[in-house]
Structure formats: C-alpha cells, structure tokens
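Written below as structure tokens is the structure these notes are about.
Numbering (my numbering), first residue to last: 16 to 100.
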C-alpha cells in the first residue's frame with residue numbers, strides 16, 4: 016500500500032487510465048472482428064474508415080504506439096484490397 020499522498024494519487028490515476036485504455040482497445044478489436052466477418056465491399060469500406068479514426072485517436076491519446084497503429088492500418092488495407100480482388 017502506498018504511504019505518500021502522491022503515490023496514492025498515482026494509483027487512482029493509473030486505474031482510471033487503465034479502464035479508459037481497455038475500453039478503447041476493446042472497441043478497436045470489436046470493429047476489427049466485424050470487418051473480418053463481412054464480405055460486402057461497401058460495408059467493409061465503411062468499417063475501415065471507422066477503424067482508421069479509432070486507431071488514430073488511440074495513437075493521439077497514447078493508448079497505442081504509432082508503429083502498432085501503422086501496422087494495424089496496413090494489415091487492414093491489405094485485407095480490404097484482397098476483398099475486392
């Protein structure tokens with residue numbers, strides 16, 4: 016257990032950030048799974064647009080590293096291109 020006031024505050028702050036990050040990551044995973052399940056090109060394009068926005072927001076807030084976001088976006092783009100072919 017923390018003894019200093021600042022350490023107690025960090026525990027509370029870290030817990031809030033952990034919950035917020037968990038929600039953001041879970042929503043990204045949910046949209047990704049919906050995208051993989053769809054075979055409709057138009058629906059997939061809409062989901063990709065939504066997913067890109069979510070990934071960029073996560074990168075901006077520091078939830079995900081920029082390289083991780085770029086890797087995920089690249090993988091989604093490859094999937095979308097293969098879907099059309």
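For every residue, glycine included, the Cβ atom is placed at its ideal position computed from N, Cα and C. What you are looking at is a predicted structure, and each value in this text was computed from that prediction instead of being measured.
Residue range of the alpha helix (DSSP H) that includes residue i
i, result
"residue 68", "56-76"
"residue 95", "81-99"
"residue 53", "Note, residue 53: premise wrong, no alpha helix (DSSP H); not H, not E."
C-alpha gap between residue i and residue j, whole angstroms
i, j, result
"residue 19", "residue 33", "21 Å"
"residue 23", "residue 55", "50 Å"
"residue 38", "residue 99", "31 Å"
"residue 28", "residue 81", "23 Å"
"residue 41", "residue 25", "24 Å"
"residue 30", "residue 78", "14 Å"
Residue of the options minimising C-alpha distance to residue i
i, options, result
"residue 97", "17, 51, 24, 28", "51"
"residue 36", "75, 91, 92", "75"
"residue 85", "95, 94, 71", "71"
Buried versus exposed call for residue i [16 or more other C-beta atoms within 10 Å across all chains shown]
i, result
"residue 73", "buried"
"residue 43", "buried"
"residue 69", "buried"
"residue 45", "exposed"
"residue 59", "buried"
"residue 83", "exposed"
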